[in-house]
Amino acid sequence: MDVAEMFLARYNYWSFVVLMLIGLYGAIAYGNLVKKIIGLSIFQTAIFLLFISLADVGKDIERTLGLKSGTAPIVWEKGIEEGYIYVNPVPHVLVLTGIVVAAATLALALALMIRIYREYGTLEEDELKELMG
Amino acid sequence: MSDVNVVIKTTVRTMLPFIQLYGFYVMTGTEGAGGGFQGGVILAASFILYGITFGAEKGRQAAPESWNTAFKSFGLWIYAGVGMLTILYSLGRAEFLNYSATFLSLFVPHTVARGILIADVIEIGIGMTVAASFISLFFDLVWRSDEDGRS
Amino acid sequence: MIVPLDIALIIFLVVSAIAALFVRDLLASIAILGTYTFVMACIYVQMNAVDVGFTEAAIGAGASTALMVASLTKLQRYDTGKRKKAKVVIGAFTVILLAGLFFYVIEDMPAFGDYNSPANKRIEIFEVRDTGLSEKLEVEKLPEEIKSRIYLLGYNERNNFPSLREYKIVWNEEEEGWDVLIKKNETFFSGFEKLYFIKKEGEILKVYRYSIPVRWQEKSEEEMNTPNMVTAGLADYRGYDTLGETVVIFTAAVSVAALLRRGYLE
Amino acid sequence: MIEHFPVVVVAASLLSAFTILLSGIFNRKISYYISLGTVTFQLTLSIFILDYVTKYGTIRYWLGGWRPPWGIEYATDELGAYTLFIVLFFSFFATIYAKRVVEKEIEEYKIPYFYTLWQLLISGMCGVAVTGDLFNLFVFMEIASLAGYALIAMAGKRALVASYNYLILGTVGISFYLLGTAFLYAVTGTLNMLDAKILLSLLYENKVVHAAFVFYFIGLVIKMALIPFHIWQPDAYEYSPSAVTVLISTAMAKINAYALIRIVFSVFTTEFLEKFLAVWTLVAWIASAAIILGSIFAIMQRSLKRMLAYSSISHVGYIVLAMSFLNTKWGIMAAAAHLLNHSLMKATLFMVACGFIYKTNAKRIEELEGLGRKMPLSAAAFTVAAISMIGIPPTVGFVTKFYIILASLETGQFGFIAVMIVSSLLSLVYFWRVIEALYMKGHHGEVRRDDLPALMLYPALILAVLCILAGVFWLAKGVVFLESIAKTLEVVG
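Laid out in C-alpha cells, this is it:
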C-alpha cells in the first residue's frame, strides 16, 4: 500500500487516530481532574468521528466526474434521480446514543468533582492521594 | 439584580416562548432532522436561560423539582409503557416495542400508526425525560450548594 | 463531504484539542472544548449526518459546556500543571502502543466514502465458479450449490436466520446482479425482503449479503411513514437502544441529585 | 409466552426504578419494598427462563419485531440465562441484606435515590446478560456502570475519589469496547453477535478484526480489574456503602466477566484464538500473575474489606486463566462455574465483613479479635466461605481449582497446576490471619452474644451453606449443565 493511499484516501482515519490519542493521553497523564475529563471528552468524540466517517459515502468533487455523492438520510426522491445516494443512517443512530452517554458521564463526573473539591479542597490527583492517606 | 439588567430581562422574557416553541417543533415530527433529545435539550435550555437571567432561585420556582422528578419518570414510563402495552395488547403475539400492536392500529393502517407513535408519543416521552433531566442536572450543579459545607 | 473544508476543519480540531489540554486556565480550556465540539458538529453536518450534528451542537457543545462552566464556579479555576512522571510515561507508552496498532490496522480499513463497503452496502460472503449457475438464476431459480453454501455458513433456521425454501430472484438493473429476496416472517411485515445479492464477474459468481442500511433506506418510509431514516432507526429499528439511552440520562440526573442534594427535592 | 420473559425482566426493573423515584416524593419508606418486590419477581422469571433454556435451547427474541441484523435481538442461551440467574440471585440477597445497612449508612432522604440507582444497576446487568447485540450490550453496560459509580460515591469522603477513578478507567474501558464495535462494524457491517460470528469466520486474516479483538479484550479487562488494570478496584470496594460492595463485588464483577466470555467465545470463537495461540498463552500467564500477585497484595493488607478486594482481583485471574484453555471443555466449564462460585464466596465474605463494621465498626483485621465468640454465627459463615476460598473439597472453591487442574492436565500445561496450589497456600495465609483473630486472639472470658440482625445474618448463612451444597452440585449433576454451556460456546474437547 503506497503512502498516498494510506494517508490521503484514509485521512478521516488518521484524524480519528490523532484526536483519540490526544484525548487518551490527556485522560491518563494529567493530574488535574477537570483536565482528565476534558481528555476523556476528546477521546469519546474521536470515536464518534470514526463512526460518522464510516457512514459517509462519495465525495463532492467526484460528482463532477459523474460519480454519486452522498446526501443526508432523509427521503428525497428528486435528489436520488439526480444521482445522490443516502449516507448510511446506522452509525448516526449509534453515535446519537454515544453522545448522550458521554454527556451523562460528564455530568456525573462534574458532580463527583464538586463533592471532592468540597471535601478535600483540591482537584490535583497527587494532593488528593496525600490527603486520603 | 440591578436595573442595568432590564434589557437582558426583557429580551429573555420575549425570547423564551419562541425557544420553547422551537423545542417542541424539533421534538415532534418525522420529516426533518431532530427528535426528542435535541428538542428536550432546547426546552431545558430555555429554563436554564431563565435561571441564569433571573437567578437560580427564581429559576427553581419556574421549574419546581417535584415537577422535574415527575416528568423524568413519566417520560420513561411512556416509553417503556408503550413497550409493555404492545405485548399486553397483542396478548403476547407482538414483541416489546412493536408499535404496530397498539390501539391506534384500529383506526389507521398500522404503518401510519407506527409513524404517529414514533413522532408524537415516543419522542415526546424522550423529550420530557431529557428536558427534565437537564434542568435538574443544571440546577443541582449550580444551585446554592456552596452556601454551607453540608452535602 | 467537501474534502478541502473537511481537512481545514480537522486541522482546527486537532489544534483545539491540543490547546484544550495545554491551557492552564480551566475556563479557557472548557471554552476551547466547546469550540472543539462545535467544530465537530460542523464536520458531522458536512459529512451529511445532520441529526448527529444537531445533537452534538445541542448536547455536546451546548448543554455539556453549560454544565461544565456552571460547575467550574464551584471548583478551582487553575490547573497547577503538576504531573506525575510515572503517569506521563504510562500515557506516552499507551499512546505509542496504540499508534503502532493503528498503523498495523490501516491496510484493511475500508476507504473513506466507499459506498459499497460492508458497512454501507453489502459484504461478500463467498464466490463460486459459474458452471451454468447463472442460467439457473436467469430463470429465477437459486442453484442448489449456492443454497447449501449459504446454509453451511450458518445462515440457517437453526440460527434463526431465514430459510431459503421460500425465495424470489429479481434482476437488479442498477447494480447489474440478482437480488435474492427471502421471506421475513416478522410479526407485522411478513413479505419478501432482499437479503443476498449475486453478481457475475467473468467466470465467477460473487455472493453478497446486504447490510443494515439497505433495509433502513429503502423501507423506512413505507414501514413507519417516517421520511427521516435516522428518526426511524432511532425510535423503531433500534428503538430499544434509545430506551436504554434515555435511561442513561435519567440515571445521570438521579446520580447527580443523589450526590449533591440536601433534601429529596432541594 | 416465555420468550417475552427476558425483556420483561429488564423492563420490570426499569419501570420499578422510575416508580421508586416518583414514590419518593410521597413516601420514602416504600422504596425498599418496591425494590425487593421487583427483584423477587425478576428472580422468579429468571428461574423460568433458565428452566426453559436448558430444555428447549436458546430464546431468540426480536425487539420491536425486526429481524436481525436490521433490528436488535435478545439471544438468551444457557450461559446468558445462567448469568441472568446469578445476577438476580445475588441481587435478591443483596437487597435483603441492604435494608439495615442502608438505613444506617445513607441519609434518610437519599434512600429513594439509592434504590432507584440500585434498580437501574440491576436492570443494566440483566440487560447485558440477555442481549445478543453488540451495541445494546454497550448501552446497558453503561447504565449499570453509571449507576454503579453513583452508588459507590454515595458513601461520601474517600468513596468519592474511588468512584472518580473508577469512572475515568471504566469510561476508558467502555470506550475501547465501543471502538472495538466500530472496527467490527467497519468490516462486517453488522451489530448482531451471531451474524458477526458468521461473517467474522470469513475475515480472520483481516487486521481490523485483530484490532477489534484487542480493543474488546482490553476494554472489558479494564472493567474486570485484571492486573495491571486493577488500580480502581480496591478503593472502590473498600470505601463504597456495604450493600453496594456486596452487589458490585458479586453481580457487577461477574457481568463484566460474562461479557468477556461472550465476546471472546460467541463472537470471535476458538478458531480465531487458535490463530494467535502465542498471544493467548501470554494472556494465560498474565492471568496467573494476577492470581499470585492478587493474593500477595491481599496478604499485605490490614483492612479486611481491602484484603477481600485484592482477593477478588486474584479471582478475576482465575476466570481469565480458565478461559485461556482452548482445546478442552474443562477450561470454559471452570470459568462458567466460577461465575457462581466466586459470587457465592465473596457475597458471604463481604456480607460478614460489612456486618462487622455495622456492629462493631471493626475495619482492620486486628480489631476483629474475639468476634468469633461475640458473633458466632456470622463468624461461622465467614469461616465456611474462607475455607471455600482456600479450596478444600467439596466446597465451591475446590470445584474451580479442580476443573482448572483437569484442564491443564488435559492440555499438558502443568505450570498452571503449580499456580493453583500456590494460590491455595497464599489464600490459606491471608484467611488464616482473619480466622486466628476471630477465634484465637482476645480475652477468653464470657462474652455476651450479640450477633447481626436477622435480615443481615440469614442471607450470609444461607450463602455459606450454599458454598458447600453448590460444590457438591457441580461435582455431581452440574457437570452436565456446564458441558452444555461449553457446547453452546463451541469449545471442543
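Residue numbers (the working numbering), protein chains in the order written: chain A, 2 to 134; chain B, 2 to 152; chain C, 2 to 267; chain D, 389 to 881.
Glycine included, C-beta positions come from ideal geometry on N, C-alpha and C.
Q) Which term fits W620(D), buried or exposed, when burial requires 16 or more other beta carbons within 10 angstroms of its beta carbon? A) Against the fourth sequence, residue 620(D) aligns to sequence position 232. Looking at its Cβ environment, which holds 16 or more other Cβ atoms inside 10 Å, W620(D) is buried.
Q) Which partner residues of L206(C) appear in the DSSP bridge assignment? A) For the purposes of this step, residue 206(C) is taken as the residue at position 205 of the third sequence. Note: L206(C) sits in a beta bridge opposite V129(C), K201(C).
Q: Verify whether the separation of the beta carbon atoms of T483(D) and L409(D) is less than 7 Å.
A: One-based indexing of the fourth sequence puts residue 483(D) at position 95. One-based indexing of the fourth sequence puts residue 409(D) at position 21. Taking 7 Å as the Cβ cut-off, T483(D) and L409(D) do not qualify as a contacting pair.
Q | Segments assigned alpha helix (DSSP H), at least 4 residues, entirely inside the stretch 111-165 of chain C | A | 134-139, 145-154
**Q.** For N594(D), three-class secondary structure by DSSP
**A.** By 1-based counting over the fourth sequence, the position of residue 594(D) is 206. N594(D) falls in the coil class under three-state DSSP.
(Q) Alpha carbons only, please: which of K611(D), E495(D), M581(D), I793(D) is nearest the one belonging to A806(D)? (A) Start at 1 with the first residue of the fourth sequence, and residue 806(D) comes out as number 418. The candidate whose alpha carbon is nearest that of A806(D) is I793(D).
Q: Ignore the nearest five residues each way along the sequence and tell me which others in L376(D)'s own chain have a CB closer than 7 Å to its CB.
A: A question about residue 376(D) goes unanswered here, because the residues of chain D that appear run from 389 up to 881.
Q: Report the residue from R239(C), A236(C), P228(C), T38(C) whose alpha carbon sits nearest the alpha carbon of I75(A).
A: Translated into positions along the first sequence, residue 75(A) becomes position 74. I75(A) has its Cα closest to that of P228(C), out of R239(C), A236(C), P228(C), T38(C).
Q: With DSSP collapsed to three states, give me the class of E757(D).
A: For the purposes of this step, residue 757(D) is taken as the residue at position 369 of the fourth sequence. DSSP places E757(D) in coil when its eight states are reduced to three.
Q) Nearest CA to the CA of E224(C): which residue from Y627(D), W454(D), S628(D), S796(D)? A) Indexing the third sequence from 1 puts residue 224(C) at position 223. Looking at the Cα atoms, W454(D) is the closest of the given residues.
(Q) Is it the case that the stretch 732-742 of chain D contacts the stretch 622-639 of chain D, given that we only count it when at least three CB pairs across the two stretches are under 8 Å? (A) yes
Q: Specify the secondary structure class of I348(D) as computed by DSSP and reduced to three states.
A: Residue 348(D) lies beyond the stretch modelled for chain D, which goes from 389 to 881, so this question has no answer here.
Q) Secondary structure at K751(D), three-state DSSP: helix, strand or coil? A) Taking the fourth sequence and counting its residues from 1, the one referred to as residue 751(D) is at position 363. Reduced to three states, the DSSP call for K751(D) is coil.
Q: Determine whether the Cβ of D242(C) lies closer than 7 Å to any Cβ atom of chain D.
A: The residue given as residue 242(C) occupies position 241 in the third sequence. Yes - at least one Cβ of chain D is within 7 Å of the one on D242(C).
Q. With A259(C) and S134(B) assumed to form a contact (beta carbons below 8 Å), what rounded beta-carbon distance in angstroms separates them?
A. Position 258 of the third sequence holds residue 259(C). Position 133 of the second sequence holds residue 134(B). No, A259(C) and S134(B) are not in contact; Cβ-Cβ is about 13 Å, not under 8 Å.
Q. Would T788(D) pass as a contact of N729(D) if the rule is Cβ separation under 7 Å?
A. Counting from 1 along the fourth sequence, the entry for residue 788(D) is found at position 400. Counting from 1 along the fourth sequence, the entry for residue 729(D) is found at position 341. Their beta carbons are under 7 Å apart, which means T788(D) touches N729(D) by this criterion.
(Q) Can you check whether the C-beta of K36(A) is within less than 7 Å of a C-beta belonging to chain C? (A) Stepping through the first sequence from its first residue, residue 36(A) is reached at position 35. By this cut-off, K36(A) is an interface position.
Q) Straight-line CA distance for S423(D) to F393(D)? A) Within the fourth sequence, numbered from 1, the residue matching residue 423(D) stands at position 35. Within the fourth sequence, numbered from 1, the residue matching residue 393(D) stands at position 5. Their backbone Cα atoms lie some 19 Å apart in a straight line.
(Q) Quick check: the Cα distance between L665(D) and V596(D), rounded to an integer number of angstroms? (A) Counted from its first residue, the fourth sequence places residue 665(D) at position 277. Counted from its first residue, the fourth sequence places residue 596(D) at position 208. In a straight line, the C-alpha of L665(D) is about 18 Å away from that of V596(D).
Q: Excluding the 5 residues preceding and the 5 following F653(D) in the sequence, name in chain order all residues of the same chain whose CB lies nearer than 6 Å to its CB.
A: Taking the first residue of the fourth sequence as position 1, residue 653(D) is located at position 265. Excluding residues within five positions, the ones whose Cβ falls inside 6 Å are L877.
Q: Quick one: grab the DSSP three-state call for S691(D).
A: Along the fourth sequence, one-based indexing puts residue 691(D) at 303. Strand.
Q. Among P457(D), A624(D), I778(D), G536(D), which one has its Cα closest to the Cα of L522(D)?
A. Locating residue 522(D) in the fourth sequence gives position 134, counting from the first residue. With distances taken between Cα atoms, L522(D) lies closest to P457(D).
Q. How close, in whole Å, do the beta carbons of I680(D) and V810(D) come, if the pair is a contact with beta carbons under 8 Å?
A. Reading the fourth sequence from its first residue, position 292 is the one you call residue 680(D). Reading the fourth sequence from its first residue, position 422 is the one you call residue 810(D). Contact holds; Cβ gap of about 6 Å.
Q | Selection of the stretch 204-223 of chain C by Cβ proximity to chain A, strictly under 7 Å | A | I213, P214, W217, Q218, E222
Q. How would you list, in chain order, the residues of chain C whose beta-carbon sits under 7 Å from the beta-carbon of V94(A)?
A. For the purposes of this step, residue 94(A) is identified with residue 93 of the first sequence, where counting begins at 1. Per Cβ cutoff of 7 Å: V231, G234, L235, R239.
Q) What residue from L10(C), F13(C), I33(C), E204(C) has the CA that sits closest to A21(C)'s CA? A) Here residue 21(C) corresponds to residue number 20 of the third sequence, with the count starting at 1. A21(C) has its Cα closest to that of I33(C), out of L10(C), F13(C), I33(C), E204(C).
Q.
The beta strand (DSSP E) that contains L182(C), what's its start and end?
A. As a first step, residue 182(C) must be located in the third sequence, where it is residue number 181. Start and end: 178-184.
Q.
Among W179(C), R216(C), E108(C), whose alpha-carbon lies nearest the alpha-carbon of A599(D)?
A. For the purposes of this step, residue 599(D) is taken as the residue at position 211 of the fourth sequence. Considering only alpha carbons, the answer is E108(C).
Q. If you drop the 5 nearest sequence neighbours on each side, which residues of the same chain put their C-beta closer than 8 Å to that of D149(B)?
A. For the purposes of this step, residue 149(B) is taken as residue 148 along the second sequence, with counting starting at 1. Unreliable positioning characterises D149(B) in this predicted model, as indicated by a pLDDT of 47, which lies under 50. A coordinate reading is not provided.
Q) Looking at V51(C) and A73(A), is the spacing between their C-beta atoms short of 7 Å? A) Here residue 73(A) refers to the residue found at position 72 when the first sequence is read from its first residue. Here residue 51(C) refers to the residue found at position 50 when the third sequence is read from its first residue. Yes.
Q. Does DSSP put D623(D) in a helix, in a strand, or in coil?
A. Counted from its first residue, the fourth sequence places residue 623(D) at position 235. D623(D) falls in the helix class under three-state DSSP.
(Q) Taking its Cβ as the centre, do 16 or more other Cβ atoms sit within 10 Å of R151(B), making it buried, or is it exposed? (A) The residue given as residue 151(B) occupies position 150 in the second sequence. With a pLDDT of 43 at R151(B), under the threshold of 50, the predicted position of this residue should be treated as unreliable, though the coordinate-derived value follows. When all chains shown are included, R151(B) counts as exposed.
(Q) Quick check on F603(D): buried or exposed, where buried means 16 or more other Cβ atoms within 10 Å of its Cβ? (A) By 1-based counting over the fourth sequence, the position of residue 603(D) is 215. Under this definition F603(D) is a buried residue.
Q: Could you name the residues of the same chain whose beta carbon sits closer than 7 Å to that of F13(C), not counting the 5 residues immediately before and after it, in chain order?
A: The sequence position of residue 13(C) within the third sequence is 12, counting from 1. Excluding residues within five positions, the ones whose Cβ falls inside 7 Å are V40.
Q: Compare the beta carbon distance of T56(C) and F140(B) with 7 Å and say whether it is the shorter of the two.
A: Position 55 of the third sequence, counted from the first residue, corresponds to residue 56(C). Position 139 of the second sequence, counted from the first residue, corresponds to residue 140(B). Taking 7 Å as the Cβ cut-off, T56(C) and F140(B) do not qualify as a contacting pair.
Q) Could you check where the beta strand (DSSP E) with V171(C) kicks off and where it finishes? A) Counted from its first residue, the third sequence places residue 171(C) at position 170. Taken as a continuous stretch (DSSP letters only), the beta strand (DSSP E) holding V171(C) covers 168-173.
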